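Just so we're aligned: the sequence shown equals residues -22 to -1, 1 to 404 in mature numbering (1 follows the signal peptide of the UniProt record, and there is no 0).
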Amino acid sequence: MLTAFLACLMLSFGLSATSAWAEGEALQGTLTNNGAPVAGVKIKASTQDGAPAGEDTSDEQGKWSIPVTGPGTYKVELDVASLPAGVGVTNNRPSLTPTVAEGQARNVLFPLGPAGTTIGGNQPGTKDSGGSSSFDRFADLLYSGLHFSLIIALAALGISLIFGTTGLTNFAHGEMVTLGGLLTFLFNVTIGMPLVLAGVISVVIGAALGYFQDRAFWGWLRKRRTNLVTTMIISIGLSLLVRYVYLYFFGGESRNFADYNAQAGVQYGPFLIAPKNLVCDVIALVVLAGVSFALVGTRLGKATRAVADNPALAAASGINVDRIIRLVWTIGGALAALSGAILGTFQGVGFGMGFQILLLIFAAVTLGGFGTAWGALLGSLVIGLFIQISTLWIPTELKSVGALAVLIVILLFRPQGILGRRARIG
């Protein structure tokens, strides 16, 4: 049912099965001067070691794109001599060092204006060719870590609630994250809706799909008393199936939303933050706080915790266990879709975006304590901050490996996670 729904939806919006195996990593941007495209400007990229990574010249729309060989940090230089007469880079930084994530087409912003005009600061996630101070670099990574933590926390909270009430380790949850990004892309880019409205509709669809997949599929498996190992394996198979449906219809390249594609950062003390990221942070914080406190202070929240603690006892006390589980799946679907929409705003949309962070989501849930909402939030904060700040000392390509190493070390001393409870086995 899920696969058929996705196929019909994508076909109805006119997506074709093209470029299915295109490479995703790239550096790209659009050069404009007071809204007018600037053509003929040369851009070149190189690796951190100084090896050439490619070059391009902006076209008539001011667009340029340089495919790169993989994720990592690159140096991107704008040839100032190729700019039209009277046009300059308004932040005096024609050389930036953006970091490209796996499967990401990273937007790089060079603000142009009248030559000699200086406004603003640096682009989020980059530093100028002269080299920013260590504190500036740390502040940039600290904010990036907090922002990424909130994205992980949205998905981790949903997967933790599902595990707490059903015992299912759902490997298909990453595809729900991807669905949020793809649906937002469809409504925003293909149909032309404003990004905020597209995101809201995507979250509603994610919630509805969460409800219906439990009603038609997972609930049916529960009634048949399918054991948890079998359902976990089924979730892995479902994840693979849905991921390749995404690949077939969406393609393998990473794409960006039509709105707020490349925003200059605004300085808030030591932090340089793009306004779109700040808005996403506020939305994520409000949603996480709302769901967390609803679990503590409402009747439905108390019923959910009762089902998580002891389903049989909860049923004996008059709680409709299936209804509560279905509610949890609905909330989990909505949170995953919101996570995907925000992740797409942060790094672009791709068919594997949810799968790429799925291991980090599981790491956050495991670190905080499986089945505990507050543990999922705390684990997400630790994982998100560590993988970003660790790039001060280790290559960008290894940042996820370092986070998983920390997870292993912590679990050696506290197997139940930071906020989890000890459980006797056997």
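Quick reminder that beta carbons are idealized off the backbone N, C-alpha and C, glycines included. Nothing here was measured: the structure is a model prediction, and the numbers come from that model.
Asked	Found
Within 10 Å of its beta-carbon, does Ala185 have 16 or more other beta-carbons around it, so buried, or fewer, so exposed?	buried
With a cut-off of 8 Å, do at least 3 Cβ pairs link the region 314 to 324 to the region 148 to 159?	yes
Is it right to say Ala194 is buried, meaning 16 or more other beta carbons lie within 10 angstroms of its own, or is it exposed?	exposed
Taking the C-alpha atoms as reference points, what is the distance between Asn12 and Ile388?	52 Å
According to DSSP, simplified to helix, strand and coil, what is Gly42?	Rather than Gly, the amino acid found at residue 42 in this sequence is Trp. Strand, per DSSP.
Just grab the DSSP bridge partners of Pro15 for me.	Thr10
Going by alpha carbons, who is nearest to Ala31 out of Glu38, Pro45, Lys20?	Pro45
Do you know how far the Cα of Asn298 is from the Cα of Asp192?	15 Å
Using only the alpha-carbon positions, how far apart do Ala29 and Lys53 sit?	10 Å
To the nearest angstrom, report how far apart Pro393 and Ile365 are at their CA atoms.	21 Å
Examine the Cβ distances between the region 352 to 368 and the region 337 to 344 and report whether three or more of them are shorter than 8 Å.	yes
Say whether the region 130 to 150 touches the region 163 to 170, bearing in mind that this needs 3 or more beta-carbon pairs closer than 8 Å, one atom from each stretch.	no
Nearest-angstrom Cα distance between Pro248 and Ala117?	6 Å
Could you check where the beta strand (DSSP E) with Tyr52 kicks off and where it finishes?	50 to 56
Can you tell which of Val257, Cys258, Met331, Phe149 has the C-alpha that lies nearest to the C-alpha of Glu231?	Met331
Counting Cβ pairs closer than 8 Å, one from the region 214 to 228 and one from the region 286 to 305, do we hit at least three?	no
Return yes when the Cβ of Lys41 is within less than 8 Å of the Cβ of Thr77, no when it is not.	no
If distances are taken between C-alpha atoms only, which option among Gly380, Gln334, Gly328 comes closest to Ala4?	Gly328
Please classify Ser110: is it buried, with 16 or more other beta-carbons within 10 angstroms of its beta-carbon, or exposed?	Since pLDDT at Ser110 reaches only 46, below the 50 mark, its modelled position is unreliable, and the value read off the structure follows with that caveat. Classification of Ser110: buried, given that the 10 Å Cβ count is 16 or more.
Using three-state DSSP, classify Arg200 as helix, strand or coil.	helix
Within its chain, find whatever has a CB closer than 6 Å to the CB of Ala381; leave out the 5 residues flanking it on each side and keep chain order.	Ile361, Phe364, Ile365
Grab me the residues of Leu273's own chain with a C-beta within less than 7 Å of its C-beta, minus the 5 sequence neighbours each way, in chain order.	Gly279, Thr282, Arg283, Ala351
Answer yes or no: do Thr308 and Gly188 have a C-beta to C-beta separation smaller than 8 Å?	yes
DSSP state of Glu153, grouped into three classes?	helix
Report the option in Ile169, Leu376, Ile335, Asn288 whose CA atom is closest to the CA atom of Thr144.	Asn288
Indicate the three-state DSSP secondary structure (helix, strand or coil) for Val327 in the structure shown.	strand
Taking the alpha-carbon of Ala59 as reference, which of Val19, Asn85, Val181 has the nearest alpha-carbon?	Val19
Considering only the beta carbon of each residue, do Val244 and Ile251 sit closer than 8 Å?	yes
Quick check: is the beta carbon of Glu33 nearer than 8 Å to any beta carbon in chain D?	The structure shown contains no chain D, having only a single protein chain.
In whole angstroms, give me the CA-to-CA distance for Ser36 and Leu56.	10 Å
Taking C-alpha atoms, which residue in Asn255, Leu90, Ser270, Leu263 lies nearest to Tyr121?	Asn255
Where Gly152 and Val67 are concerned, what is the direct C-alpha to C-alpha distance, given to the nearest angstrom?	40 Å
Taking only the alpha-carbon atoms, compute the straight-line gap between Asn239 and Ser180 and give it to the nearest angstrom.	19 Å
Pull up the distance between the alpha-carbon of Thr25 and that of Ser213, whole angstroms please.	39 Å
Starting from Gly91 and walking both ways along the beta strand (DSSP E), at which residues does that stretch end?	90 to 92
Report the rounded CA-to-CA distance for Thr168 versus Ala236, giving the unit in angstroms.	9 Å
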